[in-house]
Amino acid sequence: MLSKEKTFLIALLLYTGTLQAQQNTAGGFIWGLEAGFDSQLTGIQPLGNGEPDQVKVTAKRRAPGWRGGVFGRWQLWSGLALQTGLSVSDLHADIQFDEQVTDRFRFTDLEAPLHFVLTNPNGRFPLRGSLLLGARIGWNLAPQHSEYLQLLRERLALDIGLGVEIDMKKWRFQPEVVYSHGLNNIHDVVNARYDQVIGRIVRDRLTLRVLVWLEQ
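This is how it looks when you write it as structure tokens:
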């Protein structure tokens, strides 16, 4: 799992990279808003010792969570941009420990992503495909009160996304799907009831969102 020092270092590198890109951009800067829906898959790896024998996790898929935020994009050169921002998302996952015990964990994440965005530089056609690659760091703001399991608040993930930029002269927006693969083990071993049963826990997420440019 990530220590507080490593988490701070990653956040510092993301922020430093953003400032460096802002100073060295060959093109302009645009910013806007994002809104969308999330669906999370919480993966749990049992240790295989002790009781109970199985741990079942169900993510909140039938009622996806929401997200919103702001983003900024610096055009590095034609067809390549650097994008960052600040967003908030909210959803929950139900973890079933046995047939009688189910606990709900809420995730209200404050996130700072850093992405490279590749687009078709052809400016004659109003539709342009885009490919997003990068990473994000997040912090869960929701309180935790479970006696069965404790989860770390920080989350580090790698992102890949596909979208379509639509330019309508006065308006410019981008529908996009982003898959976020969790990297760090969020199981916080604090002598909770199920710490000797559960091993690694990761959070993967699928996001459907729309970006709206406010300045270009």
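Each residue of the sequence shown is one higher than the one before, counting from 786 in the numbering used here.
Even for Gly, the Cβ is constructed at its ideal location relative to N, Cα and C.
- Task: Keeping to the same chain, check which residues put their C-beta closer than 6 Å to that of residue 952; ignore five residues upstream and five downstream.
- Result: 911
- Can you find at least 3 beta carbon pairs, one from the stretch 937-954 and one from the stretch 877-886, that sit closer than 8 Å? no
- Query: In terms of residue numbering, what span does the beta strand (DSSP E) encompassing residue 897 cover?
  - Reply: 887-904
- Message: Considering Cα atoms alone, identify which of 982, 821, 817 and 964 is closest to residue 921.
- Response: 964
- Query: Counting along the chain, where does the beta strand (DSSP E) carrying residue 925 start and finish?
  - Reply: 912-925
- Query: Straight-line CA distance for residue 988 to residue 967?
  - Reply: 5 Å
- Query: When the Cβ atoms of the stretch 857-864 are set against those of the stretch 819-827, are three or more pairs found closer than 8 Å?
  - Reply: no
- Would you report the Cα separation of residue 820 and residue 897, rounded to the nearest angstrom? 15 Å
- Item | Rounded separation between residue 822 and residue 889 - CA only | 19 Å
- Identify whether residue 979 lies in helix, strand or coil by the three-state DSSP scheme. coil
- Task: Look up residue 931 in the DSSP assignment and give the residues it is bridged to.
- Result: Bridge partners of residue 931: none, in fact.
- Taking all protein chains shown into account, decide if residue 975 is buried (16 or more other Cβ within 10 angstroms of its Cβ) or exposed. exposed
- Note the first and the last residue of the continuous beta strand (DSSP E) segment covering residue 856. 850-862
- Task: On the DSSP bridge assignment, give the partners of residue 940 in chain order.
- Result: 923
- Item | Residue closest to residue 985, alpha-carbon to alpha-carbon, out of 865, 972 and 995 | 972
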